[in-house]
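Counting the sequence shown from 1 gives a position; our numbering is that position plus 110.
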Amino acid sequence: MTRVELKTTSMAVGGEAVAREDSGRVVFVAGALPDETVVVELSEEKTSFARGSVVDVVVPSPDRVEPPCPNVARGCGGCDWQHIEEDAQRRLRRGIVADVLARAGRVTDPQVAPGAPLPAEGLRTTVRGHADADGRFAFRRRRSHDLVAVDSCLVAHPAVNEIIASSTFAPGSEVVIRVGARTGDRMVVSSPKRGRTRVPEGVTAVGGDELEKGHRAWIHEQVAGRTWRVSAKAFFQASPEGAEALVAATQELIDQHAPGAERVVDLCCGVGLFAGTVGQGTSVVGVERSAASVADARQNLGDLDARIVKVALARWRPSPADVVVADPARSGLGKEGVAAVVGTGAGLCVLVSCDPAALGRDAGLLADAGYEHVGSRVVDLFGHTSHIEVVSGFMKHADVGRGAG
Ligand SMILES: C[S@@+](CC[C@H](N)C(=O)[O-])C[C@H]1O[C@@H](n2cnc3c(N)ncnc32)[C@H](O)[C@@H]1O
Numbered sequence: 111m112t113r114v115e116l117k118t119t120s121m122a123v124g125g126e127a128v129a130r131e132d133s134g135r136v137v138f139v140a141g142a143l144p145d146e147t148v149v150v151e152l153s154e155e156k157t158s159f160a161r162g163s164v165v166d167v168v169v170p171s172p173d174r175v176e177p178p179c180p181n182v183a184r185g186c187g188g189c190d191w192q193h194i195e196e197d198a199q200r201r202l203r204r205g206i207v208a209d210v211l212a213r214a215g216r217v218t219d220p221q222v223a224p225g226a227p228l229p230a231e232g233l234r235t236t237v238r239g240h241a242d243a244d245g246r247f248a249f250r251r252r253r254s255h256d257l258v259a260v261d262s263c264l265v266a267h268p269a270v271n272e273i274i275a276s277s278t279f280a281p282g283s284e285v286v287i288r289v290g291a292r293t294g295d296r297m298v299v300s301s302p303k304r305g306r307t308r309v310p311e312g313v314t315a316v317g318g319d320e321l322e323k324g325h326r327a328w329i330h331e332q333v334a335g336r337t338w339r340v341s342a343k344a345f346f347q348a349s350p351e352g353a354e355a356l357v358a359a360t361q362e363l364i365d366q367h368a369p370g371a372e373r374v375v376d377l378c379c380g381v382g383l384f385a386g387t388v389g390q391g392t393s394v395v396g397v398e399r400s401a402a403s404v405a406d407a408r409q410n411l412g413d414l415d416a417r418i419v420k421v422a423l424a425r426w427r428p429s430p431a432d433v434v435v436a437d438p439a440r441s442g443l444g445k446e447g448v449a450a451v452v453g454t455g456a457g458l459c460v461l462v463s464c465d466p467a468a469l470g471r472d473a474g475l476l477a478d479a480g481y482e483h484v485g486s487r488v489v490d491l492f493g494h495t496s497h498i499e500v501v502s503g504f505m506k507h508a509d510v511g512r513g514a515g
C-alpha cells in the first residue's frame with residue numbers, strides 16, 4: 111500500500127484529520143490530529159480524495175496522548191479519539207459543529223458552547239458489541255470486521271463491565287448490554303438468537319428473535335427525578351448523566367427564548383425523555399414511530415398532560431405548539447421533519463442532533479423555513495470518540511429577540 115508523509119490542517123466531520131497532497135487531493139487521515147506531520151498508509155484512493163491511517167507520527171500535536179485504554183493497543187476500534195487529550199476532544203467537537211453550522215447551515219458566527227461537563231470514562235450504560243467464536247464479548251478491530259475480545263471497556267459503566275467480564279454469549283451474535291445505573295436493572299439482548307448466553311444472576315437475557323415474536327423485556331432508569339421504563343427495542347440516551355445534560359441544555363434554550371411556553375411538541379420522543387422533563391407542566395404531544403418506545407412513553411408519562419402519537423414523522427398532522435423539541439435519528443429532520451416543525455407554528459425549535467452533517471443540513475432547511483440559529487451546546491456524551499451530540503436553538507424570524515433578557 112502507498113505511504114505518504116502529510117501535514118494535517120483540520121478535523122473532518124467523521125473524526126479524521128484533513129491533509130492535502132501536493133497535487134491538491136484531500137486525504138482523510140484516521141488516528142491523526144490537526145497540525146501534525148504524519149506518515150499515512152493510504153487505504154482508499156479516488157481522483158478527488160483519499161483515505162488512510164497514521165503509521166508514524168513525525169511531528170505530534172501537543173494534544174496527542176497515549177491512549178488510556180489498553181484495548182487500543184490490541185486493535186480495538188471501539189473509540190476513534192483515544193489518542194487525543196480530553197479537553198482537546200471537546201474543543202474539536204465544538205469546532206466541527208461551528209464549521210458545519212457556518213458552511214452547510216449558513217449561520218454567521220455560530221455561537222457554540224459546551225454543555226454540562228461529563229466524564230469521558232465509566233459512563234455508558236448501553237454498549238453494543240459482538241460475541242467472538244468462543245462467546246466472549248468483543249468489539250470490531252479498527253477498520254475491519256474482525257473481532258477483538260475485551261475483558262472490560264473504559265467508557266462503559268462498571269455494571270456493564272461486570273456483565274462483560276462474567277458472561278458468555280452465543281458465538282457470532284450481536285450483543286447489546288444495557289443497565290439502569292441508578293436502579294440496578296440489567297439486560298442483555300443477543301441477536302439473532304439468545305443461544306447459550308450465560309449471564310450473572312439477576313441479569314435479563316433475551317434473544318432478538320424473541321423480541322420479534324412480541325416478547326417484552328425492559329429495564330428502568332432514573333433521569334431528572336423521574337423513573338423511565340426502557341424496553342429492549344426502545345432507544346435511550348447513552349447514560350443518565352448525559353440525558354440530564356441534554357435536558358438541561360434544552361431547558362436553558364426554552365427559558366431564554368420561549369419562557370412560559372404552554373404547548374410543547376416532542377418529535378421523535380422515544381420513551382418520552384423531553385416530553386417528561388421540559389414538557390412537564392405544559393400540554394405536550396410526543397410523536398414516535400417505534401411501537402416499543404410509544405408503549406414506554408405512554409407508561410412513563412401517564413401522570414402528565416401528555417399525548418403520544420404513534421406515527422412516522424412524515425405522516426404526522428402537526429398540532430399547534432409554542433416549542434418543538436426534535437431529536438431525530440442520525441439522518442436528521444430532513445425536509446419532512448422541518449415541514450412538521452413549521453406546521454406547528456412554534457416560535458422555538460430545539461434540535462437535538464447526533465450527527466453534525468445532518469445538523470448542518472437541518473440548519474440550512476430551517477433557515478430556508480425562516481428559523482434563525484440562536485446557539486448550540488455540545489454535550490460530550492461519547493468520550494474518546496468523534497461522535498457528537500449537540501443541542502441547538504432555532505427561532506422563527508418574527509420571534510427572534512422576543513425571549514427573556
Ligand atoms: C435519537 S432517538 C431520540 C429519542 C428520545 N428523544 C430520547 O432522547 O430518548 C430518535 C427516535 O426517533 C424515532 N424515529 C426515527 N425516525 C422516525 C420517524 N421517521 N418518525 C417518528 N419517529 C422516528 C426513533 O424510533 C427513536 O426513538
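Even for Gly, the Cβ is constructed at its ideal location relative to N, Cα and C.
Counted within 10 angstroms of its Cβ, other Cβ atoms place residue i as buried (16 or more) or exposed
{"i": "R296", "result": "buried"}
{"i": "K506", "result": "buried"}
{"i": "G294", "result": "exposed"}
{"i": "E115", "result": "exposed"}
{"i": "M111", "result": "exposed"}
{"i": "S254", "result": "exposed"}
{"i": "S153", "result": "exposed"}
{"i": "G391", "result": "exposed"}
{"i": "V289", "result": "buried"}
{"i": "V169", "result": "exposed"}
{"i": "E126", "result": "buried"}
{"i": "V421", "result": "exposed"}
{"i": "S158", "result": "exposed"}
{"i": "G396", "result": "buried"}
{"i": "G503", "result": "buried"}
{"i": "D244", "result": "exposed"}
{"i": "D376", "result": "buried"}
Any non-hydrogen atom of ligand 1 within 7 Å of residue i CB
{"i": "F249", "result": "no"}
{"i": "G318", "result": "no"}
{"i": "D437", "result": "yes"}
{"i": "S429", "result": "no"}
{"i": "R399", "result": "yes"}
{"i": "V460", "result": "no"}
{"i": "S496", "result": "no"}
{"i": "C189", "result": "no"}
{"i": "L57", "result": "Since the displayed the chain opens at 111 and closes at 515, residue 57 lies outside it and no answer follows."}
{"i": "Q332", "result": "no"}
{"i": "F492", "result": "no"}
{"i": "Q347", "result": "yes"}
{"i": "G380", "result": "yes"}
{"i": "C263", "result": "no"}
{"i": "L202", "result": "no"}
Distance, residue j Cα to residue i Cα
{"i": "K117", "j": "V148", "result": "7 Å"}
{"i": "G453", "j": "E284", "result": "40 Å"}
{"i": "E331", "j": "E272", "result": "18 Å"}
{"i": "R427", "j": "C263", "result": "44 Å"}
{"i": "G515", "j": "A405", "result": "Note that G515 scores 40 on pLDDT, short of 50, meaning its location in the model is unreliable; the coordinates nonetheless yield the value given after this. Distance between the alpha carbons of G515 and A405: 39 Å."}
{"i": "G124", "j": "S496", "result": "7 Å"}
{"i": "S301", "j": "P466", "result": "29 Å"}
{"i": "G187", "j": "D490", "result": "19 Å"}
{"i": "Q361", "j": "G305", "result": "44 Å"}
{"i": "S400", "j": "T307", "result": "27 Å"}
{"i": "K303", "j": "T119", "result": "46 Å"}
{"i": "F345", "j": "S163", "result": "32 Å"}
{"i": "P369", "j": "V237", "result": "37 Å"}
{"i": "G485", "j": "G317", "result": "42 Å"}
{"i": "D190", "j": "L356", "result": "23 Å"}
{"i": "H367", "j": "V128", "result": "37 Å"}
{"i": "V222", "j": "R204", "result": "6 Å"}
{"i": "V518", "j": "A280", "result": "Missing from the structure shown is residue 518; the chain here goes from 111 to 515 and no further."}
{"i": "D319", "j": "S403", "result": "18 Å"}
Element boundaries [alpha helix (DSSP H), containing residue i]
{"i": "P268", "result": "268-275"}
{"i": "T360", "result": "350-367"}
{"i": "Q409", "result": "401-410"}
{"i": "P180", "result": "180-183"}
{"i": "T454", "result": "444-454"}
{"i": "I206", "result": "196-213"}
Run of the beta strand (DSSP E) containing residue i, from where it starts to where it stops
{"i": "L458", "result": "458-463"}
{"i": "A223", "result": "222-224"}
{"i": "L143", "result": "From DSSP, L143 is part of no beta strand (DSSP E); its letter is neither H nor E."}
{"i": "R471", "result": "Unbroken run through R471 is the alpha helix (DSSP H), 466-478; no beta strand (DSSP E)."}
{"i": "G370", "result": "Note, G370: premise wrong, no beta strand (DSSP E); not H, not E."}
{"i": "G503", "result": "499-506"}
Does the region 413-420 come into contact with the region 432-442, if we say contact requires no fewer than three beta-carbon pairs (one atom in each stretch) closer than 8 Å? no
Would you say the region 139-147 touches the region 192-206, given that touching needs at least three Cβ pairs under 8 Å? yes
For the 8 Å Cβ check, are there 3 or more pairs between the region 320-330 and the region 470-488? no
Pairing CB atoms from the region 382-398 with CB atoms from the region 335-352, are three or more of them under 8 Å? yes
Any contact between the region 348-355 and the region 227-244? By contact I mean 3 or more CB pairs, one from each, below 8 Å. yes
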